[in-house]
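In this note's numbering, the protein residues as written are 78 to 228. Backbone N, C-alpha and C define an ideal beta-carbon position, used for all residues, glycine too. Small disclaimer: the values here were computed from a predicted structure and weren't measured. Below is one structure; the comments refer to it alone.
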């Protein structure tokens, strides 16, 4: 009995340590500064373009597509945390791709149960759009969301 309690306590301590390490690593990641040169700006636009391309090509319930879309929304959100980069993200075409992923893909008969990453991509898109809603992105987002709702 005592041995079992120690093992359970040890397991929870390891989980707590792992969680703390993950949080520290996340905090250590630096949010990119505003691009100071044309090369940095081009590299950032290229990165945004890659994420947008993933979002535009992964609007299915396929588990690999959902996983890729989730990673892309998180990558765009991480970039958008820096307000100085928001305009480049908007310029890179991220808003229409993120708005598209506010809704889940259409269901088909062959969709696996449980649904892969159900609501995860949509939450990631909403979070990224919230970060992009500063500055001029707000009106662009509003127009696209309204057009999507009407269509």
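Closest to residue 191 by C-alpha separation, out of 166, 176 and 139, would be which residue? Of the candidates 166, 176 and 139, 139 places its Cα closest to the Cα of residue 191.
Whole-angstrom C-beta distance between residue 146 and residue 205, which should lie under 8 Å: Rounded, the Cβ-Cβ distance is 11 Å, inconsistent with contact.
Taking residue 119 as the reference, give the member of 142, 165 and 136 with the closest Cα. The shortest C-alpha separation from residue 119 is found at 165.
Please list, in chain order, all residues of the same chain as residue 126 whose beta carbon is under 8 Å from its beta carbon, the five residues on each side excluded. By the criterion of a C-beta distance shorter than 8 Å, residue 126 is surrounded in its chain by 169 and 170, once the five residues flanking it on both sides are discounted.
Pull up the distance between the alpha-carbon of residue 208 and that of residue 154, whole angstroms please. Cα to Cα, the separation comes out at about 7 Å.
Is DSSP giving residue 204 helix, strand or coil here? Correct three-state label for residue 204: helix.
Check residue 114 in the structure and name its three-state DSSP category. Look at residue 114 here: in three-state DSSP terms it is coil, with no helix or strand label.
Cβ separation of residue 199 and residue 179, assumed to be a contact under 8 Å, to the nearest whole Å: Contact holds; Cβ gap of about 6 Å.
Residue 194 to residue 123, Cα distance in whole Å? Looking at the two C-alpha atoms, the distance is approximately 26 Å.
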